[in-house]
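Numbering (the working numbering), first residue to last: 218 to 437.
We treat Cβ as the ideally placed atom computed from N, Cα and C, and that holds for glycine.
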């Protein structure tokens, strides 16, 4: 599929899939969305010294990068599993230039290591951040009672409706530990109902720029 780099409203960049008219991150602000959804309403809920995270859609690595940065501020140790079927290429990563945009030059080597690291192996990126990238379809995930937090950052239901079903959220519920949470930018009623159908307790929260609401789902 045809892809191009676009600049979003906060000055940060993302990848647009032209055939779908769909972006990896919000056109209203890639970095703003990532921080609002996954850090403010996800990572900041945890005060444990160790947090195990599953990301559905590793993509550009932006969510992993900001999680690493914020984990240092929160003195957290992170074990991060990023699932991605179609990895971003090196030319695209250079064009996105997230370390420069975030004024995080000291993380540049580590961010490059994230993308260059071997798939399906746990790789220490830093003393407080271990990354395992898994190249596979999301539907094949079969983890159980493993994660404290899920970043559900798949492409939207308009273009990939099969990823926003009760079947998929049942897998996410199973993968979470008790009291674990899942956060996503999505807020559709059908998504909320699918989450509730498998046992999640769902909150509607204020959304990032350009979206009125987002969802946070908790496993009792």
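Open item on the list: For residue 218, tell me which candidate among 228, 234, 226, 229 has the shortest Cα-Cα distance.
Closed with: 234
Does DSSP classify residue 252 as helix, strand or coil?
helix
Q | residue 365 beta carbon less than 9 angstroms from that of residue 348 | A | no
Checklist entry - Quick one: Cα of residue 224 to Cα of residue 423, how far? => result 24 angstroms
Entirely within the region 270-356 and at least 4 residues each: give me those alpha helix (DSSP H) ranges in chain order. 279-290, 307-313, 315-318, 325-333
*For residue 268, which option in 375, 241, 296, 250 has the closest C-alpha, if you only look at C-alpha atoms?*
296
- Anyone know if the C-beta pair for residue 415 and residue 387 falls short of 9 angstroms? yes
Residue 361, DSSP secondary structure in three states
coil
- Query: Cβ atoms of residue 433 and residue 420: under 9 angstroms apart, would you say?
  - Reply: yes
Going residue by residue through the region 378-413, where are the continuous beta strand (DSSP E) segments of at least 3 residues, counting only ones entirely within it?
393-401
(request) Output yes or no for whether 9 angstroms exceeds the beta carbon distance between residue 281 and residue 230. (result) no
Is DSSP giving residue 374 helix, strand or coil here?
coil
**Prompt:** Which residues in the same chain as residue 285 place their Cβ atom closer than 6 angstroms to its Cβ, once the five residues preceding and following it in sequence are excluded?
**Reply:** 346
key: CB contact flag (residue 300, residue 363, <9 angstroms)   = no
Buried versus exposed call for residue 436 [16 or more other C-beta atoms within 10 Å across all chains shown] = buried
Exercise for the section: Could you tell me the distance, in whole angstroms, from the CA atom of residue 292 to the CA atom of residue 266? Expected result: 7 angstroms
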